[in-house]
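**Q** In this note's numbering, the protein residues as written are 145 to 209. We put the beta carbon where it would ideally sit given N, CA and C, even for glycine.
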Amino acid sequence: HYTPPLSRFIVCALYHEAKQRRIPMTQLANDLIELALKETPGWRAAQAQQETMQLGEGVKAYQTK
């Protein structure tokens, strides 16, 4: 997985906003990123890739039984 570093300012803003909302920073970051990306071409491509991977895992599980 690729984990790009966030700018110090963004991390600081996330910290303060999460503290105010009383939720973990990771939850806030996930919520905000999902809100920004949902229904974009990149979101749809990721969904399709995830569905393909899940189908492949199901086939592998079936074949090992």
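Do residue 158 and residue 180 have their beta-carbon atoms positioned less than 8 Å apart in this structure?
**A** Their beta carbons are not under 8 Å apart, which means residue 180 does not touch residue 158 by this criterion.
**Q** With respect to the alpha helix (DSSP H) encompassing residue 165, which residues constitute its N-terminal and C-terminal limits?
**A** 152–165
**Q** Which of the three DSSP states, helix, strand or coil, is assigned to residue 196?
**A** Three-state result, residue 196: helix.
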